[in-house]
Amino acid sequence: MKSIITISREFGSGGKEIGMKLAEKLGVPFYDKKLLEEAAKQSGICEDLFHKHDETYTSSLLYSLVMGAYPVSSDGKLYPDMPLNHKIFLAQFDAIKSIAEKGPCVIIGRCADYVLADNYKTVDFFIFGDMPEKKKRILERYDIEKTKVEDFIKKTDKRRASYYNYYSDRKWGVATHYDLCVNSSELGIDKTVDLLYNYVMLYEQE
1304 MKSIITISRE FGSGGKEIGM KLAEKLGVPF YDKKLLEEAA KQSGICEDLF
1354 HKHDETYTSS LLYSLVMGAY PVSSDGKLYP DMPLNHKIFL AQFDAIKSIA
1404 EKGPCVIIGR CADYVLADNY KTVDFFIFGD MPEKKKRILE RYDIEKTKVE
1454 DFIKKTDKRR ASYYNYYSDR KWGVATHYDL CVNSSELGID KTVDLLYNYV
1504 MLYEQE
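For the sequence shown, the working numbering begins at 1304 and goes up steadily by one.
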């Protein structure tokens, strides 16, 4: 296998679980939060900041100033012209490329499909789902009021879309930007994994 698999996903669609199971089936590394650890190590920026800014974009000058618009790199250099959230994105950008250089893997979110588009062989998936199934999954995993879960899902997806749309020249969730878009509510987790696996195998034969 030679391809890097990227998975973009709606919140509650089971994208992370699908990615983990797909990576296991393919016998390749899986990167989700682990990618943030790699970015922190390479950049020297505190890992907590990567989690705080994970797939989040804000253009607010005040927010950038409050959060620290002038971060210091591992070699002690100051970047007064670059807000912290931009620095964090660029650190993740470099980490994604470093991970891809190591060989085939599955990477969840964080614009990985865009970052690797020009110089790597990738298979890019988008996982979405129906709201009833997404609400059920989120309620099982998060301590949140039932009446607020749909709003929570919509806001999380809006945040992910804003991040992706800002840092790439694409639109998050638009089918033409991916090799395959799948409704996990129709197939369920395991059958979706099987579908993605079969797609990758066919792609590898080209």
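Every residue, glycine too, gets a C-beta built ideally from N, C-alpha and C.
Between D1416 and T1309 a beta carbon distance of about 4 Å is seen, short of the 8 Å cut, so the two are scored as contacting.
For the segment 1383 to 1436, the full-length alpha helix (DSSP H) segments reaching 4 residues or more read 1387 to 1405 and 1415 to 1418 along the chain.
For S1487, the uninterrupted alpha helix (DSSP H) segment begins and ends at S1487 to L1490. In the assembly as shown, K1324 is a buried residue. Its beta-carbon has 16 or more other beta-carbons within 10 Å. In this structure the segment 1332 to 1352 lies against the segment 1407 to 1414, because at least three pairs of beta carbons, one per stretch, are closer than 8 Å. In the three-state reduction of the DSSP assignment, T1450 falls in the helix class, which pools H, G and I.
In this structure, S1316 and K1437 form a Cβ contact; the two beta carbons are roughly 6 Å apart against a cut-off of 8 Å. For I1308, the uninterrupted beta strand (DSSP E) run begins and ends at I1307 to R1312, by DSSP. For I1348, no alpha helix (DSSP H) encloses it, and the DSSP letter there is neither H nor E. Looking at the backbone, the Cα of K1451 and that of D1460 are separated by about 15 Å. For P1435, the closest C-alpha among the options M1304, F1314 and K1305 is that of F1314. For E1320, the enclosing alpha helix (DSSP H) has its first and last residue at G1318 to L1329. At the C-beta level, V1503 and V1418 stay beyond 8 Å of one another. Burial check for K1355: the Cβ neighbour count within 10 Å stays below 16, so the residue is exposed.
Cβ atoms of S1306 and Y1506 come within 8 Å of each other, at about 7 Å.
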